[in-house]
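Asks: Line order of the protein sequences matches chains A and B. Letter by letter, the first sequence follows residues 0 to 298 of numbering that gives the first Met the number 0. Letter by letter, the second sequence follows residues 0 to 789 of numbering that gives the first Met the number 0.
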Amino acid sequence: MTTPGGPSTALHRPGTVGEAVAALAAEARAGRPVELLAGGTDLVPALRTGTRPPAAIVALRRVLELRVRGAGADTLTIGAGVTYTELAGWSLSPGLAATSRVVGSVQIRNCGTVGGALGSANPRGDLLTFLTAAQAEVLLTSEDGSRAAGLDDFLSAGRLPGELVTAVRVPRPSGPQTYLKIGGRQAAFPSLVSCALLVDRVRERVCCAVGGVAARPWRVAEAERLAAADVDWSTGTAPAALARRFGELAAAGVRAASPLGEDPRHPLEYRVHAAGVLAARAFARCLTARSAPRRESAP
Amino acid sequence: MTGRARGVGGSVLRPDGLAKAGGTFVYAGDLSAPGMLHARTLRSPHPRARIRRVDTAAALRIPGVAAVVTAVDVPGVATYGLIVADQPVFAATETRYAGEPVAAVAAVDAPTARRALAAVEVEYEPLPPLVDPEVAAGPGAEPLHPDGNVFREITLRHGDPDAVGPVVVEDSYLVGMQDQAFLAPEAALVVPAADGGVDMWLATQWLHSDREQIAACLGLPEELVRLELAGVGGAFGGREDVTLQVHGALLARATGTPVRIAYDRVESFLGHPHRHPARMWFRHTATEAGDLVSVHARIIMDGGAYASSSPAVIANAVTHAAGPYRVPNARLDGLVVRTNNPPCGAMRGFGVPQVTIGHEAQMDRLADRLRMDPVGLRVRNALQPGDVLPTGQVLGPPLPAREAIEAVAARPLPAALTAASPVTARPGGRGAHADLARVRRGVGYALAYKNLLFSEGFDDSSTARARLELDADGRPVATIHSACAEVGQGFVTVAGQIARTELGVDEVVLRPADTGVGSAGSTSASRQTWMSGGAVRGACVAVVDRLLARVARRLGLPPEVVEAPRRALVITGGEIVGAETGTRLTLAEALAEGPVEAEHTFHHRRTTALDAHGQGDPHVAFAAAAHRAVVDVDLDLGLVRVVSMALAQDCGTVLNPLSLRGQVEGGTAQGLGLAVMEELVTVDGVVTNPTLHDYLLPTTADVPALDFVALTYPQPDAPYGVKGVGETPTCTATAAVLAAVRAAVGRDLRRVPVRPGDLVDLADPVDPLGGAPYLGNKAAWGQPGEMERG
Ligand SMILES: Cc1cc2nc3c(=O)[nH]c(=O)nc-3n(C[C@H](O)[C@H](O)[C@H](O)COP(=O)(O)OP(=O)(O)OC[C@H]3O[C@@H](n4cnc5c(N)ncnc54)[C@H](O)[C@@H]3O)c2cc1C
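(1) In the DSSP assignment, find the unbroken beta strand (DSSP E) run with B:Gly333 in it and report its ends.
(2) Starting from B:Asn380, follow the alpha helix (DSSP H) in both directions and report where the run begins and ends.
(3) Could you give the distance in angstroms between the alpha-carbon of B:Ala4 and the alpha-carbon of B:Ala314?
(4) For a test of the three-state rule: what should DSSP assign to B:Tyr262, helix, strand or coil?
(5) List the residues of chain B that A:Thr48 touches, going by C-beta distances under 7 Å, in chain order.
(6) Please give me, in chain order, every unbroken run of the alpha helix (DSSP H) with length at least 4 that falls completely inside the segment 107 to 159 of chain B.
(7) Which same chain residues, not among the five before or five after A:His272, have their C-beta less than 8 Å away from its C-beta?
(8) Taking the alpha carbon of B:Ala674 as the point to measure from, which residue in B:Ala732, B:Ser460, B:Leu334 has its own alpha carbon closest?
(9) Measuring straight from C-alpha to C-alpha, what distance separates B:Gly270 and A:Ala87?
(10) Between A:Pro189 and chain B, is the shortest Cβ-Cβ distance under 8 Å, so that the two count as touching?
(11) Going along the segment 305 to 323 of chain B in order, which residues come within less than 7 Å of chain A, judged by CB to CB distance?
(12) Give a yes or no on whether the minimum CB-CB distance between B:Gly427 and chain A is below 8 Å.
(13) Using DSSP's beta-bridge definition, name the partner residues of B:His273.
(14) Residues of the segment 108 to 126 of chain B in Cβ contact with chain A at a cutoff of 7 Å, in chain order, please.
(15) Buried or exposed, going by whether 16 or more other CB atoms sit within 10 Å of the CB of A:Leu63?
(16) For a test of the three-state rule: what should DSSP assign to A:Gly118, helix, strand or coil?
(17) Please classify B:Gly593 as buried or exposed, where buried requires at least 16 neighbouring CB atoms within 10 angstroms.
(18) Which class does B:Met0 belong to by DSSP, given the choice of helix, strand or coil?
(19) Hey, would you say B:Val463 sits closer than 8 Å to B:Ala512, going by beta carbons?
(20) Check whether the Cβ of A:Gly157 lies closer than 7 Å to any heavy atom of ligand 1, and answer yes or no.
(21) Is the closest heavy atom of ligand 1 to the C-beta of A:His265 under 7 Å?
(22) So B:Asp367 contacts chain A; which residues on that side make the cut at Cβ distance below 9 Å?
(23) Which residue spans inside the segment 13 to 101 of chain A form an unbroken beta strand (DSSP E) run of at least 3?
(24) So for B:Leu584, helix, strand or coil by DSSP?
(25) Please tell me whether B:Ser10 and B:Asn655 are closer than 8 Å, where the distance is taken between their beta carbons.
(26) In the DSSP assignment, find the alpha helix (DSSP H) that holds B:Asp633 and state where it starts and stops.
(27) Are the beta-carbon atoms of A:Val169 and A:Ala133 separated by less than 8 Å?
(28) Taking a Cβ distance cut-off of 9 Å, strictly less, list which residues of the segment 132 to 148 of chain A are near chain B, in chain order.
(29) Looking at the structure shown, is A:Arg294 part of a helix, part of a strand, or coil, going by DSSP?
(30) When you compare only the Cα positions, how much space is there between A:Thr287 and A:Asp199?
(31) Which residue comes first and which comes last in the alpha helix (DSSP H) that contains B:Trp529?
(32) Which bits of chain A does B:Ala700 rub up against, with CB to CB less than 8 Å?
(33) At 7 Å on the CB atoms, spell out the chain A contacts of B:Ala345, in chain order.
(34) If you follow the beta strand (DSSP E) that B:Thr571 is in, where does it begin and where does it stop?
(35) Could you give the DSSP three-state label for B:Gly672: helix, strand or coil?
(36) From the DSSP output, in three-state form, read off A:Gly4 for me.
Here's what the structure looks like:
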């Protein structure tokens, strides 16, 4: 059978999660390197350049149960096969929608999936930064059963051989959310620096993560504490000066983290600065009086 | 459309346009032959290393691997090069840049070929790379190559080299390495022939130069190396050098089997020479009234490991360094240096975009210093025909430089950004959500001129054949044969237009470009419409002369008509008509006797080399262009959005308005890319961003619609009065965007592409040039004594 990996690569096309993990387990037992294929936006380029030569590929497109998303009383669950395009129009999660709208180009958003973003775990990945701020849980299944892992744990430990990401779970929004990102051009660019910010008006707090500066998406705890203490939670608003202060603390917070590798064109100094600007901007968008009650609007 | 409407001057559509837009066009990488092998190239990971040992045995043992070739398998000359043959086909004992080919393999499929690459054992002894051109050219620097480290040094002296005006502006500028980033990576199909030669289908810019170099390396006579152009997906100079040609031919000959050799995106970024990075120092002096008194410049270009076209690029940079201005006194010095960085060579603009960035930044500073309008200062100093250039060359007509800058300045300005504008219209787009109160607009201008065709005494030519005959249905059809490489510039359209105009036929067949006809020269230097257009026209004119003479003879017209039939006979509306002689017959009748064929070789006027002081008559002709850029800058994040671009360009006679528009839009986009995003970044000689993910090209969201004004004064010595149009807009676009950004942020900019960190206030800002107004190591220059006086 001919596949993008070459004539010797075996291709599995399971129809259910059960079949998918069975295929993964069988390949793992045979000691053969295996790759999951979701939208292929990361994997196919790697296959083409030969940087990843798997012996087997498990294609997930036919696994319809991975492509559902749903809302519970307190949480939203997004299947691993859900694409950015599907999320970009999802009114239940303005933050996921805002994040997905600025990923890649239309073509990439049509193909790229949540599971692929977690599988690649690119430290600058947009979804990763948003999910970090959202305190997401990752749901995994293997032949041995299912488990849930906090995103942080998932990122540090990775998945076990034979495990499939089936979904992510985030709390239902209880306030404005936004996602900002900058890069090398006007559209369709990988993120250089990004900032996800979620306001939780029930628990009276702000969660904020910065991508592109620290070695992984970084929660800016000091800034978050300032917001919890100083935002007027009766109205959900804050004065402009607080946004500035929030940005300064966010920059200071991420500066202290262990940095992502050097980028010759964009020194750490600039990326820290930009993180502060984006954090202040995100804060103002979600918490200044004018815009306090509004949701992330699709411009 | 009729023959006339589809002739010269009409917006005739490209014959390959629909196929390209619809995805059915066959590019070189799409070619295949039954049983063909797939070839891949092994490249050095080290910018500089001694090669202790290469062992291919393990790779050859892999099932499906047909051949592995290395330096020892090159039967002919071991090196090749466009100007100097200094680049090894494969590195033998030493590698000089990261990405240099060391071996190539052919296997039954690409994954097997890739596995074989991994199995070739190369023992490297890494050496410390020299990656700073000033160090590499300096005293005591180890020679990186038997030819030494200086590719060329030019010292141009014009007027009184010590003259200075009372108003002085001076600074240094840095230009990064741009890549051509054409969208279809390098590819060729090579088929070994029964006569011991090879037949090759490939994407290139210059078939005959490739053939000469391939034949020399294979040790074959040129007749046995037959090349045909395959579909080219962009070139921009990046296909002027040989890359995979010899490797593919060696493998085809070693295996006796057709071989397709192709690069992927990463290899393409490593495989061809790039635009030269430059460090430039300028000192402009002027009178209080704003007349330039002198320009002093020193330009150091990093040529990378091999010569490619470096010697010609530096000549262009130096001779254009003062820009399209009247400069009575000049000291212009240029140095292009060998380093262990990737080789640099031809790219659209060929040395001129770099110096335009410098001279135009200087003109803006001078305007500031003089409290003059930047347009006014340029108008005041703009060259006019009859002026003497820094080389001593007298500028021939036409050169509407003044008109160009005036024309763009008169274009309406775009509307300001408002709260109602979509967020995608702000700098950084949707994701950055720029704060309107912190977005500042800037307007900037740039004026430049660029030489057309090959320079410095090169006797450049192009040959074409034309044939007029009846097809199977008895209709006249013209066949044109030229080796001109169509790389997107539109020769396939224009050649047909010329043939229709000259021959009065509708039906024109353009034969594939191949080495079965004489050289058309390179598709570069804005030369093909002029040179190969001139060759096609000349061949068609000769065909008409022969046909009319034949008709005159057959009709028994007087000998003076047979001698000069055009005086009495014309081809019009598909007929040959002679008012005086009472002749009237159809083309079909005239051709019934048989086909008429002619070949023509077109030469441009002769130029001369530069003498020891950079004086001569080096350039055939020039074209001028001016851009006005309008940008919005997010002052907090340093992000730039180009809001509008206006271009006025000196185009000569326009043969195809639609084609012209394609060239100037593309040239503008490529220049804009260099201004704000396009940079191949090396760290210690290793390219860090060889993918389109990290090497960003402008998209439709980044390039505004072009407001274009064509200035159409015919060039007297060119066919139909044409000028080359492809390169000039690339020279000015970058400088204009830079000027606009400078105007928006109110600070002088010294680095291209401009980086966001250069535009905001950082606690610990990085000065790209370390604050030095002079170029570092003065000893790198030939005459240190003279430098001190600078
Ligand atoms: C041109 C381009 C632009 C891009 N722009 C952006 C951008 O702006 N922002 C951004 O964040 N990303 C961007 N990306 C990256 C990419 O789109 C995302 O990372 C995407 O989410 C990957 O999803 P996919 O479905 O395509 O994954 P695939 O390529 O199919 O898989 C990626 C990896 O994830 C693994 N995997 C897939 N599914 C699962 C699963 N269910 N469980 C466990 N592992 C799994 C695979 O084995 C593989 O290793 C871009 C990519 C391209 C090519």
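Where a beta carbon is used, it is the ideal one built from N, C-alpha and C, also for glycine. Only a predicted model underlies this, so the values are computations on that prediction, with no experimental measurement involved.
Replies: This is what the structure gives:
(1) As a position in the second sequence, residue 333 of chain B is number 334, starting the count at 1. Start and end: 328 to 337.
(2) Numbered from its first residue, the second sequence carries residue 380 of chain B at position 381. In the DSSP assignment, B:Asn380 falls within the unbroken alpha helix (DSSP H) covering 373 to 380.
(3) As a working note, residue 4 of chain B is residue 5 in the second sequence. As a working note, residue 314 of chain B is residue 315 in the second sequence. Within the model, the alpha-carbon separation for B:Ala4 versus B:Ala314 is close to 42 Å.
(4) Within the second sequence, numbered from 1, the residue matching residue 262 of chain B stands at position 263. Three-state DSSP puts B:Tyr262 in coil, outside helix and strand.
(5) As a working mapping, residue 48 of chain A is identified with position 49 in the first sequence. Within chain B, the residues near A:Thr48 are Asp263, Val265.
(6) Counting only runs of 4 or more, we get 109 to 118, 132 to 135.
(7) By 1-based counting over the first sequence, the position of residue 272 of chain A is 273. Excluding its 5 nearest sequence neighbours in each direction, A:His272 has C-beta neighbours in its own chain below 8 Å: Ala250, listed in chain order.
(8) The residue labelled residue 674 of chain B in the question sits at position 675 within the second sequence. Cα-wise, what sits closest to B:Ala674 is B:Ala732.
(9) Mapped onto the second sequence, residue 270 of chain B falls at position 271. Mapped onto the first sequence, residue 87 of chain A falls at position 88. Each residue's alpha carbon lies about 39 Å from the other.
(10) Here the question's residue 189 of chain A lines up with position 190 in the first sequence. Closer than 8 Å to some Cβ of chain B, the Cβ of A:Pro189 qualifies, so yes.
(11) When C-beta distances to chain A are compared with 7 Å, every residue of the segment 305 to 323 of chain B stays at or above that value.
(12) Taking the second sequence and counting its residues from 1, one reaches residue 427 of chain B at position 428. It does: the Cβ of B:Gly427 has a partner Cβ on chain A nearer than 8 Å.
(13) Here residue 273 of chain B corresponds to residue number 274 of the second sequence, with the count starting at 1. The beta-bridge partner set that DSSP reports for B:His273 consists of B:Cys343.
(14) The residues in question are Asp108, Pro110, Arg113.
(15) Walking along the first sequence from the start, residue 63 of chain A turns up at place 64. Exposed is the call here.
(16) Position 119 of the first sequence, counted from the first residue, corresponds to residue 118 of chain A. DSSP places A:Gly118 within a helical segment (H, G or I) once states are collapsed to three.
(17) Here the question's residue 593 of chain B lines up with position 594 in the second sequence. Exposed, by the Cβ-count rule.
(18) Your numbering for residue 0 of chain B matches position 1 in the second sequence. Note that B:Met0 scores a pLDDT of 44, beneath 50, so its modelled location is shaky and nothing firm can be said.
(19) In the second sequence, counting from the first residue as 1, residue 463 of chain B sits at position 464. In the second sequence, counting from the first residue as 1, residue 512 of chain B sits at position 513. The sequence shown places Ala at residue 463 of chain B, rather than the Val named in the question. Going by C-beta atoms, B:Ala463 is not nearer than 8 Å to B:Ala512.
(20) Translated into positions along the first sequence, residue 157 of chain A becomes position 158. Result no, Cβ not under 7 Å from ligand 1.
(21) If you number the first sequence from 1, residue 265 of chain A lands on position 266. Taking 7 Å as the cut-off, the C-beta of A:His265 does not count as close to any heavy atom of ligand 1.
(22) Locating residue 367 of chain B in the second sequence gives position 368, where the first residue counts as 1. Those do not exist, as B:Asp367 stays about 27 Å from chain A at its closest Cβ, beyond 9 Å.
(23) If we require 3 residues or more, the beta strand (DSSP E) runs fully inside the segment 13 to 101 of chain A come out as 33 to 36, 55 to 58, 68 to 70, 74 to 78.
(24) Counted from its first residue, the second sequence places residue 584 of chain B at position 585. Of the three classes helix, strand and coil, the one that applies to B:Leu584 here is strand, per DSSP.
(25) Your numbering for residue 10 of chain B matches position 11 in the second sequence. Your numbering for residue 655 of chain B matches position 656 in the second sequence. Using a Cβ distance threshold of 8 Å, B:Ser10 and B:Asn655 count as a contacting pair.
(26) Along the second sequence, read from residue 1 onward, the residue named residue 633 of chain B stands at position 634. Taken as a continuous stretch (DSSP letters only), B:Asp633 belongs to no alpha helix (DSSP H), being part of the beta strand (DSSP E) at 620 to 633.
(27) Taking the first residue of the first sequence as 1, we reach residue 169 of chain A at position 170. Taking the first residue of the first sequence as 1, we reach residue 133 of chain A at position 134. Yes; because the gap between Cβ atoms is below 8 Å, this pair is in contact.
(28) Contact annotation: in the segment 132 to 148 of chain A, no residue has its CB less than 9 Å from a CB in chain B.
(29) For the purposes of this step, residue 294 of chain A is identified with residue 295 of the first sequence, where counting begins at 1. In this prediction, A:Arg294 has a pLDDT of 46, which is less than 50 and means its spatial position is unreliable; what the coordinates show is noted afterwards. If DSSP states are grouped into helix, strand and coil, A:Arg294 belongs with coil.
(30) In the first sequence, counting from the first residue as 1, residue 287 of chain A sits at position 288. In the first sequence, counting from the first residue as 1, residue 199 of chain A sits at position 200. Going from the Cα of A:Thr287 to the Cα of A:Asp199 covers about 15 Å.
(31) As a first step, residue 529 of chain B must be located in the second sequence, where it is residue number 530. Run containing B:Trp529: 527 to 553, per the alpha helix (DSSP H) assignment.
(32) As a working mapping, residue 700 of chain B is identified with position 701 in the second sequence. What B:Ala700 touches in chain A: Arg184, Gln185, Ala186, Ala187.
(33) Position 346 of the second sequence, counted from the first residue, corresponds to residue 345 of chain B. Near B:Ala345 there are no residues of chain A at all, since even the closest Cβ is about 25 Å away, more than 7 Å.
(34) Counting from one through the second sequence, the residue named residue 571 of chain B turns up at place 572. Run containing B:Thr571: 569 to 571, per the beta strand (DSSP E) assignment.
(35) Counting from 1 along the second sequence, the entry for residue 672 of chain B is found at position 673. Correct three-state label for B:Gly672: helix.
(36) The residue you call residue 4 of chain A lines up with position 5 of the first sequence. Interpretation of A:Gly4 is limited by its pLDDT of 48, a score under 50 that renders its predicted location unreliable; the figure taken from the coordinates is listed afterwards. Coil, per DSSP.
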